[in-house]
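Note that the protein sequences, when read in sequence, are chains V and R. When you read off a place in the first sequence, starting at 1, and then add 1, the result is the number in my numbering. When you read off a place in the second sequence, starting at 1, and then add 140, the result is the number in my numbering. All residues carry an ideal CB built from backbone N, CA and C; glycine is no exception. Each remark here refers to the structure printed beneath this line.
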Amino acid sequence: MSFLELEHVAKQFGSQTVVDDFSLAVRKGEFISFLGPSGCGKTTTLQMIAGFLEPSRGAIRLEGHDLTAVHPARRGLGVVFQSYALFPHMTVAENVAFGLEMRRVPRSQRAERVAAALAMVGLAGYEARYPRRMSGGQQQRVALARALVIQPSVLLLDEPLSNLDAKLREEMQIELRQIQRTLGTTTILVTHDQNEAMSLSDRIVVMSQGRIEQIGTPQETYERPASAFVSQFLGKTNDFAATVDRTANPARLVAGSWQAPAPVAVAGPVTISLRPERISFADVGLAARIVSRIFQGNHWLFQCETECGPALVVRQNDGKPQPAEGEAVRLAWRLEDMSVRSSGGAA
Amino acid sequence: MSTVGTTAPQAVVASSEPSAAGTPWLLSAPALMLFVGVLVIPLAMTVMLSFHDWGQYKGIEPVFILKNWREIASDPYYAEMFWRTFRIALLATAITAVLGAPEAYILNRMSGRWKGFFMLLILGPLLISVVARTLGWALLFGGNNGLVNKLLISLGLINAPLPFMFTETGIVVALAHVMMPFMVLSVWVALQRVDPQIENAAMSLGAGAFTIIRRIILPQIMPGVLSGAIIVFSLSASAFATPAIIGGRRLKVAATLAYDEFLNTLNWPLGAAVAVLLLVALALIVVGSNALIERRYAEVFR
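Laid out in structure tokens, this is it:
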């Protein structure tokens, strides 16, 4: 049986539906990310789990018990907020101890658990500091320690890393993953950062306009996006308009000067989409001209103008010579790397 | 701090451009002149005046004596009057704090349209002339004909009209009424600085509604309550119109007494002494409590 279950959960504000028909089963110890652009309903869903909002419809169950009937203060979930929401008038130790105090944990035990939690997030010795005297990253760690010290059944993270600079964010991602693995706490992370979602989670829930677009492992959602939205939101995608030539036998899929045997299922005008790193330069294929070439250390980024519109190509910096700007090239790719869907249709 | 910071660059500039050091003084001269002209000089003259002599027939004599100050120190009438002034101010402050802080909290949680409407209601007392406002209180509570008194008597709840006019209670209530906006606005500003997610954070850690108010919200808005209290206290202690109308001639506070000495008895030196004493006492109380508050709430103020 799944640990945390959301069944057809929906939330409406007036006539506006913010979350619709959200169903998800989370296993114990799993790290789930809600990924989507702002306004897609991911934070609203998290707040419904935390109990700050009540779902308009649907059920939320934790270990089989109805969670919506439990007051948020009794749910025993740990929450880390985007703004950290630390108590500015309390020291770090008082902040972390607050949840234990509310649970009437004896004073002696409290100090011990606070020290352990702070050590875990690498803040041992900061007990007497006030939050405003700490950096964003340190405040973030305090917020994490405060949420974890109560040994929550589920840890809810609401864009916890979005206020940190890029380098610190990466460090915190690694640390967060390690802490989560060690403790085995079931975790739900809300983020709009696809890299964060991919590097941290066991499974990603991609959301758009209040609906789930896809649930899958990071690899699944990246390699086999269920919709155009997912493929565009997770990483970069090239879309080429193509046609299916039924006059040839067997039928052929044609995009400019590139062609291949057509998949059986498709007909009429179609769209080919494929990842920039799956395109290679070849002798035959889609004719293109390199508009600009950007060196990014471990890889090259080529912006090309093809017969079927602009394309982005990523090539690893393997030391081999790369085409120069303005050069005419041919683009080719393996058939299994592309996905073909009929144009006009949503998927 | 600024002197330390600017010493080095100034030394370099000063050698090539001798007027640089005087520029800040030159630029602030108009404001300084205004400040000295309309505040410092009259204030100094008032202090001087308090040491002059006065007699019924000789008028003011520009001498330096301690007669007025000795009179204030020895006559218990003045002690009682000052004690009353500060008691009234303290009570008015307490009432605005107890009612104003929750008012601000509720106001802060309202949605946009209602917030604007109720903000106007709260600012109301400041928009009405002090005379009209105080006479309104008189209409409600003034003697047997006061609306509220009439109602309560005819309902049989009380036998005699509630005393309001010419009482300390009356002054306190009327002052608290007009000072309320200062407290509400001050607490409201403090509430703006409170993280909107902080109540949710406390709730997720297991705190109930009452605990959240007491342990999380109140400590954070306390600086706002206290700075509001300083404003309300100093304005109440030096208030003139409300105590003059409700207290009348019977119940004097420092401001109305100074007024009487100046304009009725024409004993300007004594009036000046009362006014100076009120100013010094208020300044000491405000500066002292401000220092205390800033030390106590250093972390919340940053």
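Handout entry: Closest by C-alpha distance to V255/V, when choosing among I33/V, A266/V and V271/V
Key = Nearest C-alpha to V255/V among I33/V, A266/V and V271/V: V271/V.
Problem - Where the stretch 352–380 of chain R meets chain V: residues whose CB sits under 7 Å from a CB there - result: For the stretch 352–380 of chain R, the residues whose beta carbon sits under 7 Å from a beta carbon of chain V are, in order, I356, P359 and Q360.
Problem - beta strand (DSSP E) segment containing D246/V, residue limits - result: N239 to D246
Practice task
Measure the alpha-carbon distance for S81/V versus E221/V and round it to whole angstroms.
Solution key: The displayed chain sequence assigns Val, not Ser, to residue 81/V. Roughly 28 Å separates the two Cα atoms.
Exercise for the section: Spell out whether any CB of chain V is found under 9 Å from the CB atom of M437/R. Expected result: The sequence as given places Tyr at residue 437/R; Met does not occur at that position. Yes, its Cβ sits closer than 9 Å to a Cβ of chain V.
Handout entry: Below-9 Å beta-carbon distance, A423/R vs any chain V residue
Key = no
Practice task
Using the Cα positions of V20/V and L68/V, report the straight-line distance between them to the nearest angstrom.
Solution key: CA-to-CA, the gap between V20/V and L68/V works out to about 18 Å.
Problem - Inter-residue spacing [alpha-carbon to alpha-carbon] between W328/R and L366/R - result: 12 Å
Handout entry: Any chain V beta carbon closer than 9 Å to M343/R
Key = Output row for M343/R: interface = yes.
Problem - Closer than 9 Å to chain V by CB, N340/R - result: Answer yes: the Cβ-Cβ gap between N340/R and chain V drops below 9 Å somewhere.
Exercise for the section: Excluding the 5 residues preceding and the 5 following G257/V in the sequence, name in chain order all residues of the same chain whose CB lies nearer than 7 Å to its CB. Expected result: Taken in chain order, the residues that qualify are L287, A288, T307, E308 and C309.
Exercise for the section: Assign F257/R to one of three DSSP states: helix, strand, or coil. Expected result: Taken through DSSP and simplified to helix, strand or coil, F257/R comes out as helix.
Exercise for the section: Assuming I361/R and L315/R form a contact by the criterion Cβ under 8 Å, report the distance between their Cβ atoms to the nearest whole angstrom. Expected result: Here I361/R is actually not in contact with L315/R; their C-beta atoms are around 22 Å apart, not less than 8 Å.
Practice task
Compute the Euclidean distance between the alpha carbons of N250/V and P262/V, then round it to the nearest angstrom.
Solution key: Those two C-alpha atoms are separated by around 9 Å.
Problem - Chain-order list of residues whose beta-carbon lies under 6 Å from that of I385/R (same chain, five-residue window excluded) - result: For I385/R, where only same-chain residues beyond five positions count, the Cβ hits under 6 Å are T274.
Problem - Contact with chain R by S84/V, beta-carbon distance below 9 Å - result: Interface residue (Cβ-Cβ distance to chain R less than 9 Å): S84/V is classified as such.
Practice task
Assign K43/V to one of two classes, buried (16 or more other C-beta atoms within 10 Å of its C-beta) or exposed (fewer than that).
Solution key: K43/V counts as buried, since at least 16 other C-beta atoms from the protein chains shown sit within 10 angstroms of its C-beta.
Exercise for the section: Put V207/V into one of helix, strand or coil per three-state DSSP. Expected result: Here V207/V sits in strand by DSSP.
Exercise for the section: Tell me G199/R's beta-bridge partners as DSSP assigns them. Expected result: G199/R is bridged to G195/R.
Handout entry: I189/V and L162/V closer than 9 Å at C-beta
Key = no
Problem - Any beta strand (DSSP E) of 3 or more consecutive residues that is wholly inside the stretch 293–342 of chain V - result: Within the stretch 293–342 of chain V, the complete beta strand (DSSP E) runs of at least 3 residues are 300–307, 310–317 and 329–333.
Problem - Same chain only: Cβ atoms within 6 Å of G411/R, ignoring 5 sequence neighbours per side - result: A398, E401 and F402
Exercise for the section: Check whether the Cβ of Q337/R lies closer than 9 Å to any Cβ atom in chain V. Expected result: yes
Problem - Residues near S3/V by beta carbon distance below 7 Å, same chain, minus five either side - result: A26, V27 and R28
Problem - Span separating the alpha-carbon of T491/R from that of V176/R - result: Here chain R covers residues 141 to 442 and nothing more, so residue 491/R does not appear.
Problem - Beta bridge counterpart(s) of E6/V as assigned by DSSP - result: A26/V and R62/V
Handout entry: Whole-angstrom distance between I371/R and A423/R, CA atom to CA atom
Key = Whole-angstrom Cα-Cα distance: 12 Å.
Practice task
Can you pull the chain R residues whose beta carbon is under 8 Å from the beta carbon of F151/V, in chain order?
Solution key: As written in the sequence, residue 151/V is Ile, which differs from the Phe given in the question. Near I151/V (Cβ distances below 8 Å), the residues of chain R are L345 and G346.
Handout entry: Nearest-angstrom Cα separation, counted from L101/V out to L1/V
Key = The first residue shown for chain V is 2 and the last is 348, placing residue 1/V beyond what the model contains.
Handout entry: Environment of I205/R [buried if 16+ CB atoms lie within 10 Å]
Key = exposed
Exercise for the section: Go through its chain and collect everything with a Cβ distance to A381/R's Cβ below 6 Å, but skip five positions before and after it. Expected result: The residues are V270.
Exercise for the section: Answer yes or no: does any C-beta atom of chain R fall closer than 9 Å to that of V207/V? Expected result: no
Exercise for the section: Classify K207/R as helix, strand or coil using the three-state DSSP reduction. Expected result: helix
Problem - Proximity winner among F322/R, N299/R, Y217/R and F373/R, relative to M259/R (alpha-carbon distances) - result: Here the closest residue by C-alpha is F322/R.
Problem - Cross-chain neighbours of G100/V in chain R, by beta carbon under 7 Å - result: Within 7 Å Cβ-Cβ: L345 and G346.
Exercise for the section: Please list the partners that M173/V has in chain R, where partner means a Cβ-to-Cβ separation under 8 Å. Expected result: Chain R residues near M173/V: none, gap ~19 Å exceeds 8 Å.
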